[in-house]
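In order, the protein sequences belong to chains A and B.
Going by this note's numbering, the first sequence opens with residue 1, and the numbers climb by one from there.
Going by this note's numbering, the second sequence opens with residue 1001, and the numbers climb by one from there.
No residue lacks a Cβ here, since even glycine has one placed at the ideal position from N, Cα and C.
Just so you know, these numbers come straight off a predicted model, no measurement behind them.
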Amino acid sequence: MEELKNTLKQQIIESLNLEGMKPSDIDDNAPLFGEGLGLDSIDSLELMVLLERNYGIKIEDAREGRKVLESVQSMAEYIQQHRTI
Amino acid sequence: MMKPVYISSASVISPQQHFEDKGLLQDIISTDDGMMWVREPNYKGYINPVAIRRMSKLLKMGISCGMNALQKAGIEKPQAIITGTGRGSMVDTEQFLVSMIENEEEVLTPTSFIQSTYNSINGWLALQTKCSGYNQTYVNRGASFELALFDAQMLLNETNENIHVLVGCFDEITHDYVRVKSKIGYWKKPLPASKDLHKHSDTHGTIAGEGSAFFTVTNKREQALCSLDAVKMLQDTDTGDVIDNINNLLAEHNLNLSDIDVLLCGMNGDSRQMEVYNQLSALASENTTIANFKHLCGEYDTSSGFATWLAAELFKAKEIPETLIARKGNHTGIKNILLVNHYILNSHSIMLLQSVQ
């Protein structure tokens, strides 16, 4: 799980172009949107694409997507349960 | 005939200098690889910090240059935003197309697609300035910036109110763009140093350039840098038509060629595209200084934006940097500048700018 979270953080940094950030700068449980990393709606689309491309996960339900994208921890847990690649 | 409009501020990002630099063309930058990339300013303070990380260079250039032009004019919110771009965001477009191929048209990321649209810079400028007024992006190759200026002039001619129109242009080069254009003999071979471009006007080809320029344009003469009296675009015309159009345009403003202090020429070093400039130079009076600018910015669809910025700066500086001068004239002061530009053989533009002092 720890390895997955670190990989995921690295992928988030790369896909969202979070310049100057390291995986260790992202708290596992900090909210990704709003006051945490301060991501916005375009970032959420990028994260959905990240999940599909790297883990074969396609989230159709927006409400479910919102829960999954709450934090690195919630994303990693969902990936572990639903990944197809 | 349309009334003149006034340029109250001018901002540039070019291969030579950007809006944070002081002075005019003090250190000339020359390149040997045929690609004149812009010198980038510090974008911080001009663009929403959350959004900047996603932006390509062109977006950062256009938005910061537009915001800087507004700052210089002391305007927080313009009443209209009108821009021109020949090719828009090439980097984002290429990135999106490559991603489409690599991912077999599935699972595509949205950012480069969203930002590859021509009007994304106008959108960002409108969001940042909270401007919900007229917003237009012209994408008409070499006439894009001229059309934006012309539209601004028409808009301002329709009102007596003191409104501010943000007018600008932006274009960028990419390695792929240069590679593709090289296949149709667009660039010089061998490549000269950019500063020597005009010494090689006896051979085919030019050099590539990029840049952004923005202006605040109003009906208010007071404190303006200069007036923009006329913008004219000519398509599918021969040299004789271009010269006739220049003479007619000047006559409409009670001027003739000998009244022009600076003839700012868009010659790009390609021997196939010199005829208008050669004929115009032969007709120009001894009073007129003939000046070139594409050795400083390279050739691109909206290079006339760089030239318009240059003209505004010349009125301010009241002198002409040596690097521009092809032939020095006997004029005293700078009152009238005629800008003649072209984009590929038969598309020409003419602009008349005048001092307001």
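(message) Ignoring anything shorter than 3 residues, give me the beta strand (DSSP E) runs that lie fully in the stretch 1109 to 1176 of chain B, in order along the chain.
(response) Runs found: 1134 to 1138 and 1165 to 1171.
(message) Using a Cβ-Cβ cutoff of less than 6 Å, which residues in the same chain neighbour Val1276/B once the five nearest sequence positions on both sides are dropped?
(response) Sequence-distant Cβ neighbours of Val1276/B in its own chain, meaning closer than 6 Å and more than five residues away, are Thr1239 and Val1242.
(request) Compute the distance between the beta-carbons of Ala1230/B and Leu1257/B, then report whether it is under 7 Å. (result) No. Outside cutoff.
(message) Residues of chain B with CB closer than 7 Å to the CB of Gly38/A, please, in chain order.
(response) Val1050, listed in chain order.
(request) Could you check the C-alpha separation between Ala1208/B and Cys1169/B for me, to the nearest Å? (result) Answer to the nearest angstrom: the Cα atoms are 16 Å apart.
(message) Determine, for Arg1053/B, whether the minimum Cβ-Cβ distance to residues of chain A falls below 7 Å.
(response) By this cut-off, Arg1053/B is an interface position.
(request) Specify the secondary structure class of Gln1354/B as computed by DSSP and reduced to three states. (result) Here Gln1354/B sits in strand by DSSP.
(message) Considering only the alpha carbon of each residue, which of Thr1093/B, Tyr1046/B and Thr1085/B lies closest to Val963/B?
(response) As displayed, chain B neither begins before 1001 nor continues past 1357, which places residue 963/B out of reach and without an answer.
(request) Please check if any C-beta of chain B sits within less than 7 Å of the C-beta of Val100/A. (result) Nothing about residue 100/A can be reported from this structure: the residues present for chain A run from 1 to 85 only.
(request) Name, please, each residue of chain A whose Cβ falls closer than 7 Å to the Cβ of Val1107/B. (result) Listed along chain A, the residues sitting closer than 7 Å to Val1107/B by beta-carbon distance are Val49, Glu52 and Arg53.
(message) Rounded to the nearest angstrom, what separates Thr1186/B and Gly34/A at their Cα positions?
(response) One detail in the question is off: residue 1186/B reads as Tyr in this sequence, not Thr. Distance between the alpha carbons of Tyr1186/B and Gly34/A: 49 Å.
(message) Could you pull the DSSP bridge partners for Ser1212/B from this structure?
(response) According to the DSSP secondary-structure assignment, Ser1212/B is paired through a beta bridge with Ile1013/B and Phe1170/B.
(request) Anything in chain A within Cβ reach of Ile1114/B, meaning under 8 Å, just list it in chain order. (result) Correct list: Ile42.
(message) Between which residues of its own chain and Leu50/A is the CB-CB distance below 8 Å, once the five residues before and five after are set aside?
(response) Leaving aside the five residues that flank Leu50/A on each side, the residues in its chain whose CB is nearer than 8 Å to its CB run, in chain order, Gln11, Ile12 and Ser15.
(request) For Tyr1177/B, I'd like the list of residues in its chain whose CB is within less than 7 Å of its CB, leaving aside the five on either flank, ordered along the chain. (result) Answer for Tyr1177/B: Met1090, listed in chain order.
(request) Output, in chain order, the set of chain E residues within a Cβ distance shorter than 8 Å of Leu18/A. (result) No chain E is present in this structure, whose protein chains are A and B.
(request) Scan the stretch 1109 to 1143 of chain B for residues whose Cβ lies nearer than 8 Å to a Cβ of chain A and list them as they occur along the chain. (result) For the stretch 1109 to 1143 of chain B, residues whose beta-carbon sits nearer than 8 Å to a beta-carbon of chain A comprise Thr1109, Pro1110, Thr1111 and Ile1114.
(request) Starting from the beta carbon of Glu46/A, find every residue of chain B whose beta carbon is closer than 8 Å, and list them in chain order. (result) Result: Thr1109, Pro1110 and Thr1111.
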